[in-house]
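Worksheet: one structure, shown below.
There are 2 protein chains.
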Amino acid sequence: MGKLVIVGTVAFDEIESPFGKTDKILGGAATFIGLAAAQFDVDSAIISIVGDDLPNDYLDLLSNHGMNLDGLQVVKGGKTFYWKGKYHNDLNSRDTLVTELNTLADFNPVVPESYTDAEVVMLGNLHPSVQMSVIDQMTKRPKLIVLDTMNFWMDNALPELKEVIRHIDVITINDEEARQLTGEYALITAASKIQEMGPKYVVIKKGEHGALLFNNENVFFAPALPLEEVFDPTGAGDTFAGGFVGYLTATENLSFNNMKRAIIHGSNLASFCVERFGTERMKNLKKEEINQRLHQFKALTQFDIELQ
Amino acid sequence: MGKLVIVGTVAFDEIESPFGKTDKILGGAATFIGLAAAQFDVDSAIISIVGDDLPNDYLDLLSNHGMNLDGLQVVKGGKTFYWKGKYHNDLNSRDTLVTELNTLADFNPVVPESYTDAEVVMLGNLHPSVQMSVIDQMTKRPKLIVLDTMNFWMDNALPELKEVIRHIDVITINDEEARQLTGEYALITAASKIQEMGPKYVVIKKGEHGALLFNNENVFFAPALPLEEVFDPTGAGDTFAGGFVGYLTATENLSFNNMKRAIIHGSNLASFCVERFGTERMKNLKKEEINQRLHQFKALTQFDIELQ
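The listed protein sequences correspond, in order, to chains A and B. Quick note on UniProt numbering: the first sequence kicks off at 1 and runs consecutively. Quick note on UniProt numbering: the second sequence kicks off at 1 and runs consecutively.
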C-alpha cells in the first residue's frame with residue numbers, strides 16, 4: 001500500500017440547482033478527491049490552503065476519513081476560497097456566479113516531509129505552476145503522477161501548463177478541453193497528440209457520457225451509470241479522479257488492465273457523488289453500497305460474444 | 001434461421017458534410033437496415049416504394065445482398081423519395097435542405113405472401129399508420145416487432161404513433177425523442193414510462209455517445225467506437241437497427257443476454273457506416289473487418305473486477 005499526495009482546493013461551495021440551493025458548504029477538488037480515495041483506505045495527505053473561517057467540523061470530516069492534514073495551511077484571519085454556481089435545468093451546464101480566490105491567491109504548497117516519497121501524486125485543478133511546485137518537492141520520482149486541469153489554464157497559463165504536462169503520467173481532461181489543447185476534433189486523435197506532449201495515459205471525461213482511457217493503441221471506455229436522479233454534479237470529476245488514484249495507490253499495479261479497473265471504480269464513486277448536494281453522499285458512503293453498484297456497472301457493460 | 005421483414009424508405013440522398021458533397025446517391029432506412037442485416041445472411045424482404053427513376057444498379061445492390069424485393073413497388077413514371085441534408089462541423093447536427101416525398105406520399109405497403117409469417121419485423125421510420133398496416137398483414141404474430149420512429153411523428157401523428165407502439169416489442173428512439181415522448185428527463189425514467197406504453201424493450205440511441213437497452217430492471221450500454229474519422233453519419237441509426245434485428249433473426253434467441261449481443265453487433269456495424277458517404281462502406285464490408293472490430297469493442301468495454 002503506497003502513499004498518496006493530493007494537492008487541490010478545500011473550499012466553500014454555494015450551489016443552486018433545479019432541485020434547491022445550499023448555503024456555503026464544504027467543497028473543493030482536494031476534498032472530493034480525498035473522500036473518494038478514502039474508500040480504498042490509502043494513506044493520503046492533503047496539500048491545500050484555507051482561512052480560519054472554515055469550520056473545524058469540515059477539517060474533522062477530512063481527517064476522520066484518514067487524510068493527513070499537515071500540508072493543509074490554515075491562514076489566521078484569512079478567508080477560504082469560495083465558489084458559487086448555478087446549474088441549468090439539464091445539469092450539463094452551469095454559470096459561475098462568484099469566485100473569490102482569497103487565501104488561494106498566495107498559495108505556496110508545502111509537501112510534508114513524510115510524504116515527499118509518496119508513490120502517487122494527484123494534482124487537482126490549480127495553477128500549473130502550483131502543480132509543478134509539488135512535483136519539484138518530491139524527493140524521488142513518484143510511480144504515478146496524475147494531473148487534472150481545465151480550459152482556464154489553457155487560456156491564461158498555457159506555457160506553464162505545457163511544462164507541467166511534460167512531467168506527468170496521466171492527464172484527466174474533458175472532451176472540449178482535449179479539443180482545445182490539441183486543435184483536434186476526434187477524441188482518439190486528440191488523445192494521441194496529448195500523449196506526445198508527455199503523459200502516457202490520457203483520460204477524457206465526458207460527464208454523463210462516461211470516460212475514455214487512452215494509452216498507445218489501447219482504449220477503454222466506462223459509461224456513467226444511468227441514474228434516476230442527478231441532484232448536483234459538483235465534484236463528480238474530482239470524485240472520479242479520486243477513485244482512480246485511490247484504487248491505483250491501494251493496488252500498486254499500473255498495468256493497463258488495472259487502470260481499467262481504476263476507471264470503473266472512479267466512475268462508480270462519481271455516480272454516488274451526484275446524488276446529493278456537495279459531500280453529503282460521499283461522506284457516509286458504505287462499502288456495501290459501493291459493491292452493489294459495481295455489480296450494476298458489470299451488468300451494464302459486460303457481454304459474452306464469442307470471437308474468432 | 002427466421003425470416004425478416006423490413007419496411008422503410010429506399011431513397012435518393014444528397015449529402016453535404018465538412019468532408020465533401022455527394023450527388024444523389026442510394027439511401028433510405030430500408031437500404032441501411034437491409035445492408036446491415038445482410039451481414040447475418042438472413043432471409044429478408046424489403047417493403048418499400050420507389051419511382052422508376054431509381055437506377056437498376058441500386059436495386060441490384062439490394063438483391064445482391066440477399067434482399068427479396070417482391071414487396072418493393074416501382075411506380076412507373078414516379079419519382080423516388082429524395083432527401084438533401086447538410087451536416088455541421090461537429091457532425092452531430094444537420095439541416096434538412098430538401099425533402100420530396102414523391103411516391104412515398106401514397107405508400108400502401110404490401111407484404112408478399114411468403115413473408116406474412118416472418119418471425120421478425122423491422123418497422124423503419126415512416127408514418128405510424130404505414131407501420132401499423134404492416135403489422136396487420138402478418139398472418140401470425142411475429143416473435144419480434146421492432147419499431148424506429150422520430151420526433152416528427154410525435155408532433156404530427158401522436159395518436160397513431162401511440163397505437164402502433166402498443167403493438168410492438170422493441171422501440172428504438174434517440175434520447176431527445178425519449179424525453180419528448182414521456183416528458184421525463186432522466187433516460188432511465190423515460191425508458192420505464194415507454195415500457196408502460198407497450199414495448200418490453202426500449203433502445204435509446206445517443207449517436208456518438210452510444211446506445212442503451214432497457215428491459216424491466218435490466219440496463220445494458222454499448223458505446224460508439226471512438227473513430228479517427230467520421231465522414232457521414234447518414235444511416236448510422238438504421239445500420240445499428242439492422243444489425244440488431246439481423247443478429248436476432250439469425251440467432252432466434254430473444255434472451256436479454258442475446259439482446260445485448262445484438263446491440264453490440266448493431267453498434268459495431270454502425271461504426272463502419274459513418275466512415276464513408278452513403279452505402280459506400282457497408283456495401284463491400286468484409287466479415288474479417290467486422291470480426292476484427294468486434295475485438296476492438298471487447299477491448300474497449302470489458303474489464304475483470306472481482307466482485308463480492
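The beta carbon of each residue, even a glycine, is placed where N, CA and C say it ideally should be. Please read these numbers as outputs of a predicted model, since none were measured by experiment.
- Taking the Cα of B/T116 as reference, the smallest distance to any Cα among B/F297, B/M138, B/T189, B/D43 is reached at B/M138.
- In this structure, B/Q39 and B/G243 form a Cβ contact; the two beta carbons are roughly 7 Å apart against a cut-off of 8 Å.
- Non-local C-beta neighbours of B/P233 in its own chain, meaning closer than 6 Å and more than five positions away in sequence, comprise L91, V274, ordered along the chain.
- Contact residues of the segment 167-200 of chain B toward chain A are Y185, A186, L187, I188, T189 (C-beta to C-beta distance below 8 Å).
- If you draw a straight line from the Cα of B/Y201 to the Cα of B/L144, it comes to about 11 Å.
- Taking the C-beta atoms as reference points, B/V7 is found no nearer than 7 Å to B/V146.
- Exclusion of the five residues before and after A/E16 leaves K86 as the residues of its chain whose Cβ lies within less than 6 Å of its Cβ.
- Setting aside the 5 residues that flank it on each side, B/R276 is surrounded in the same chain by F231, D232, each with a C-beta closer than 8 Å to its C-beta; the list follows chain order.
- Below 8 Å, too few C-beta pairs join the segment 287-301 of chain A and the segment 89-109 of chain B to call them touching: fewer than three.
- B/D175 and B/K206 do touch by the CB rule: their CB atoms are close to 5 Å apart, below 8 Å.
- CA-to-CA, the gap between B/A191 and B/I173 works out to about 10 Å.
- Within the same chain, Cβ atoms closer than 6 Å to the Cβ of B/K79 are found at G51, D53, N102, the five residues on either side in sequence being excluded.
- Under the three-state reduction of DSSP output, A/Y82 falls in the strand class.
- A/S267 and A/E184 have their C-alpha atoms spaced approximately 25 Å apart.
- Burial is judged here by how many other beta carbons sit within 10 angstroms of a residue's own beta carbon; B/D13 has at least 16 and is buried.
- The C-beta distance from B/I49 to B/V5 rounds to 15 Å, too long to meet the 8 Å contact threshold.
- Comparing C-alpha distances from B/G28 to each of B/D43, B/L62, B/M1 shows the shortest one belongs to B/L62.
- The DSSP assignment places 280-283 as complete runs of the alpha helix (DSSP H) inside the segment 266-294 of chain B, in order along the chain (cut-off: 4 residues).
- The beta carbon of B/R276 does not come within 7 Å of any beta carbon belonging to chain A, so the residue lies off that interface.
- Judged by their CB atoms, B/S133 and B/P109 are nearer to each other than the 7 Å cut-off.
- Note: A/V121 is bridge-paired with A/V5, A/I145 in the DSSP secondary-structure output.
- Among the residues facing chain B, A/Q39 is not included, as its CB has no counterpart in that chain under 7 Å away.
- Beyond the five residues adjoining it in sequence on each side, A/G235 comes within less than 6 Å, by CB distance, of F32, C273 in the same chain, given in chain order.
- Against chain B, the CB of A/E289 has no partner CB under 7 Å away; the residue lies outside that interface.
- Close to B/E163, with beta-carbon spacing below 9 Å, lies no residue of chain A; the smallest spacing is near 28 Å.
- Neighbours of A/T301 across chain B, judged by C-beta separation under 7 Å: F221, T301.
- In chain order, L225 place their CB closer than 6 Å to the CB of B/S271, counting only its own chain and leaving out the 5 sequence neighbours on each side.
- Beta-bridge partners of B/Q73 (DSSP): B/I49.
- Under the 7 Å criterion on CB atoms, A/H127 is classed as non-interfacial with respect to chain B.
- In the structure shown, B/M197 adopts coil according to DSSP, grouped into three states.
- Partner residues in a beta bridge of A/I264, as assigned by DSSP, do not exist.
- Legend: CB atoms of the segment 223-237 of chain B lying less than 8 Å from CB atoms of chain A belong to residues P223, P226, L227, E228, E229, V230.
- In the DSSP assignment, A/G34 falls within the alpha helix (DSSP H) that extends over 29-37.
- Contact note: B/H209 reaches chain A through H209, using a C-beta cutoff of 7 Å and chain order.
- Between the alpha carbons of B/P142 and B/K162 lies a distance of about 19 Å.
- In this structure, B/F220 keeps its C-beta atom at 7 Å or more from the C-beta atom of B/K283.
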